[in-house]
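Everything below concerns the one structure shown next.
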Amino acid sequence: MEHEGEAALESHDLHYHPLTDLEIPHGNSASMKGTWRHVEAGAASGFIFCGQPIVCSDNLHWTELDSSENIRICGFDVETEYFSIFSFPPMGYGFGDLSVLRGCLCVSYILGDDFVIWLMKEYQVEESWTIEYKLSTIGYDFDWVYLRVEPIKLFKDGDILMLLDENSLIYYSNKTRTFQEVGMFKDLDVKDYIDALIFNPSLFSLKKFGFENVISF
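Just so we're aligned: 208 in the working numbering is position 1 of the sequence shown, and the numbers increase by one with no gaps anywhere.
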């Protein structure tokens, strides 16, 4: 897929890592002791990796830029230590943000006055890319064109919780077709960017893992 290229990626304040090999932990997973070793990049060698990896189907995924400035998705199978390359959905223009939604790879972006969400319904099957939502942004105070919007959770009633530009949450009501900001971070002493994730309750809380300023929605 042809794309705007590296300049477009830089406008999203990402990190660039031309890949020659990958360093992974090797040792006793129970004691968390061991060493690091290098894995050959193989099919992904020389590509520019953008941003932090996301985990889907127990594999790592990055947005990558090849030598022809085509944007693709690179997956790394941690069991087989094999890299695979597959395509984004057809996005027109603009840069799509890669995330995970309902256990599927998700790509979201602004196209004109619409916020578009794609899901890859079958893992690594490019033909399974499906537009899940196409939401109008007209009439809202958010400067959508220059902001990154990451869907976090789809609810059963069709509502969506999203992270806006890594500093606030917005909630989309499928019933009223409206957006509203969730003002849950106003009283926090937030110096850096906010991250959000889906946490499945267990015997351990997020705070026991050393996270600070943890709040639930």
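Cβ coordinates follow ideal geometry from the N, Cα and C atoms, glycine included.
Counting every other CB atom within 10 Å of its CB across the protein chains shown gives I278 a total of 16 or more, marking it as buried.
Judged by their CB atoms, E288 and C281 are not nearer to each other than the 7 Å cut-off.
Annotated three-state conformation of E333 is helix, per DSSP. In this structure, DSSP gives N277 a state outside helix and strand, which the three-state scheme calls coil. The beta-bridge partner set that DSSP reports for K360 consists of L368. With a 10 Å radius around the Cβ and a threshold of 16 neighbouring Cβ atoms, S315 comes out buried. Rounded to the nearest whole angstrom, the C-alpha separation of D366 and V323 is 14 Å. Excluding sequence positions up to five before and after D364, its CB lies within less than 8 Å of the CB of N381, K382, all in the same chain and listed in chain order. Where D304 is concerned, the enclosing beta strand (DSSP E) starts and stops at 304-308. Between E357 and L370 the beta-carbon gap is near 5 Å, inside 8 Å, which marks them as a contact.
Within the same chain, I261, V262, C263, C313 come within 8 Å of V307 by CB-CB distance, once the 5 residues on both sides are set aside. The straight-line gap separating the alpha-carbon atoms of R384 and D273 is approximately 38 Å.
Collapsing the DSSP output to three states places D265 in coil. For T385, the enclosing beta strand (DSSP E) starts and ends at 385-389. Leaving aside the five residues that flank Q387 on each side, the residues in its chain whose CB is nearer than 6 Å to its CB run, in chain order, Y378.
Your pair E333 and F293 checks out as a contact, with CB atoms roughly 6 Å apart and the cut at 8 Å.
Around the beta carbon of E286, fewer than 16 other beta carbons sit within 10 angstroms, so the residue counts as exposed. The secondary-structure analysis by DSSP pairs K382 with nothing; it has no beta-bridge partner. Excluding its 5 nearest sequence neighbours in each direction, E339 has C-beta neighbours in its own chain below 6 Å: I324, L326, listed in chain order. As a beta-bridge residue in DSSP terms, G282 pairs with H268, S291. A direct Cα-Cα distance of roughly 14 Å separates C257 from F295.
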